[in-house]
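K.L.:
Dropping the structure in here first, questions after.
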Amino acid sequence: MFGDLSFSHILILLLIVVLVFGAKRIPEIGSSLGQGIREFTRSMKGVTEDRPEPPRVQPPPSATVASTLPPPSPSGGDPKRLND
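Mapping of the sequence shown onto my numbering: residues 13 to 96, in sequence order.
What follows is the structure, given as structure tokens:
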């Protein structure tokens with residue numbers, strides 16, 4: 013695309029840019045463009061750092077936990093209330 017761009021073409025483009033924007037505005041445009049690029053890269057770093065960690069998978073309860081629980085009631089009814 014830009015392979016046919018010679019040195020004379022670049023000089024003509026720079027001359028047109030100077031005529032359109034003026035010699036005083038070109039450094040301001042360059043610094044604002046640089047600040048915009050720095051802000052963009054800083055915000056992209058913030059996005060990657062702010063990602064939450066994936067939830068950790070908890071292992072299934074082991075057999076020792078099940079053995080410490082009381083056996084189920086044979087009647088299979090409602091559990092007893094403590095405040096009655």
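Built from N, CA and C at the ideal position, the CB exists for glycine as well.
So for residue 71, helix, strand or coil by DSSP?
P.N.:
The answer is coil: DSSP assigns residue 71 none of H, G, I, E or B.
K.L.:
For residue 94, report the span of its alpha helix (DSSP H) as first-last.
P.N.:
Counting along the chain, residue 94 falls outside any alpha helix (DSSP H), and DSSP gives it neither H nor E.
K.L.:
Using a Cβ-Cβ cut-off of 6 Å (strictly less than) and excluding sequence neighbours within five positions of residue 18, which residues of its own chain qualify?
P.N.:
Within the same chain, residue 18 has no close Cβ partners at all.
K.L.:
Under 8 Å Cβ to Cβ from residue 30, same chain only, skipping five residues before and after it: list those, please.
P.N.:
The residues are 38.
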